[in-house]
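Visitor: Numbering (my numbering), first residue to last: 33 to 317.
Below, the structure written as structure tokens:
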């Protein structure tokens with residue numbers, strides 16, 4: 033994969049992670065880099081530590097797929113710091129259109145992912161149902177307003193990063209539920225390094241712990257995991273319904289649907305076009 037394409041995927045992941053209800057993991061899944069990302073992150077293990085202690089830095093770099101991670105996280109970081117204000121402005125002034133677009137993205141992604149699960153055994157259907165129920169339960173959580181200290185920031189980072197790496201489960205949404213989202217977003221916009229470092233340390237600990245479990249599941253129960261993720265994606269549509277009223281779905285006036293519907297269609301078409309392009313590239317290879 034060319035660095036430019038990977039960097040753009042990182043930009044998209046970072047932009048998605050800013051929006052409550054949307055997951056950067058969803059973007060990784062849509063764009064075909066999810067499994068590679070999980071395997072690269074799970075390579076931060078004792079073998080890597082031994083390579084570093086022996087001075088085998090080049091081997092360690094290849095062990096973790098360093099070039100892939102460097103370019104991808106450069107895109108994510110660039111997006112978080114440059115697009116945070118744009119995304120928050122869109123959330124404030126055009127929330128219906130933005131959430132309509134993401135609904136289209138996620139619905140199409142569910143279809144593309146489900147199509148690749150062959151065969152659909154009973155365990156896959158059970159996994160799909162479990163993912164759907166889990167996400168519907170998560171969607172019922174309500175934002176809290178706790179005192180946000182260093183320990184709370186660290187713990188919130190560890191929890192949110194696990195959600196961000198899972199397609200469909202929004203780390204930003206969980207931060208909102210824990211009452212930490214405004215603090216983190218303000219720290220990003222104002223470059224509050226003390227807050228960002230504590231939060232990043234929590235993210236690092238959570239990521240390296242959780243990603244090894246995901247890697248093991250991908251290796252041993254790939255179809256069941258993918259079916260579970262389809263359920264999670266479908267369940268997340270409730271969170272993204274553009275006309276929420278205090279967390280409950282609400283039907284819009286007919287005059288208020290045209291632009292969100294157009295954005296919804298745009299999200300559908302974008303994912304289906306990307307999936308078709310990816311299939312053509314695989315066939316050409």
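Don't be surprised by glycine CBs; every beta carbon is placed ideally from N, CA and C.
Should the region 132–151 be called in touch with the region 288–296, which here means at least 3 C-beta pairs below 8 angstroms?
Guide: Yes, the region 132–151 is in contact with the region 288–296.
Visitor: Leaving out five residues on either side along the sequence, give the residues of the same chain with a beta carbon under 8 angstroms from the beta carbon of residue 220.
Guide: Cβ within range, chain order: 112, 113, 116 and 228.
Visitor: Give the straight-line distance between the Cα atoms of residue 252 and residue 246, rounded to the nearest whole angstrom.
Guide: Their Cα atoms are separated by approximately 10 angstroms.
Visitor: Can you check which of these residues, 163, 75 and 110, is closest to residue 261 by C-alpha distance?
Guide: When only C-alpha atoms are compared, the closest one is 163.
Visitor: Residue 314 to residue 144, Cα distance in whole Å?
Guide: The pLDDT assigned to residue 314 is 46, lower than 50, so where the model puts this residue is not dependable; a value taken from the coordinates is nonetheless given after this. Those two C-alpha atoms are separated by around 15 angstroms.
Visitor: Contact between the region 91–110 and the region 58–76: three or more CB pairs below 8 angstroms?
Guide: Enough Cβ pairs lie closer than 8 angstroms, so yes.
Visitor: If residue 167 sits next to residue 57, beta carbons under 8 angstroms apart, how far is it from one beta carbon to the other, in whole angstroms?
Guide: Rounded, the Cβ-Cβ distance is 13 angstroms, inconsistent with contact.
Visitor: Nearest to residue 172 by CA position, among 218, 271, 305 and 77, is which residue?
Guide: Nearest of 218, 271, 305 and 77 to residue 172, Cα basis: 271.
Visitor: Please go through the same chain and pick out, in chain order, the residues whose beta-carbon is closer than 8 angstroms to the beta-carbon of residue 41, but skip the five residues on each side of it.
Guide: Counting only Cβ-Cβ distances below 8 angstroms, and skipping sequence neighbours, we find 59, 60, 63, 65, 104 and 107.
Visitor: By DSSP, does residue 64 sit in helix, in strand, or in coil?
Guide: In this structure, residue 64 counts as coil in the three-state DSSP scheme.
Visitor: Could you check whether residue 265 and residue 74 sit closer than 9 angstroms to each other, using their CB atoms as the reference points?
Guide: The answer is no: Cβ separation not under 9 angstroms.
Visitor: Nearest CA to the CA of residue 123: which residue from 76, 50, 86 and 87?
Guide: Nearest option by C-alpha distance: 50.
Visitor: Just curious, the alpha helix (DSSP H) that residue 82 is in, first and last residue?
Guide: Run containing residue 82: 78–85, per the alpha helix (DSSP H) assignment.
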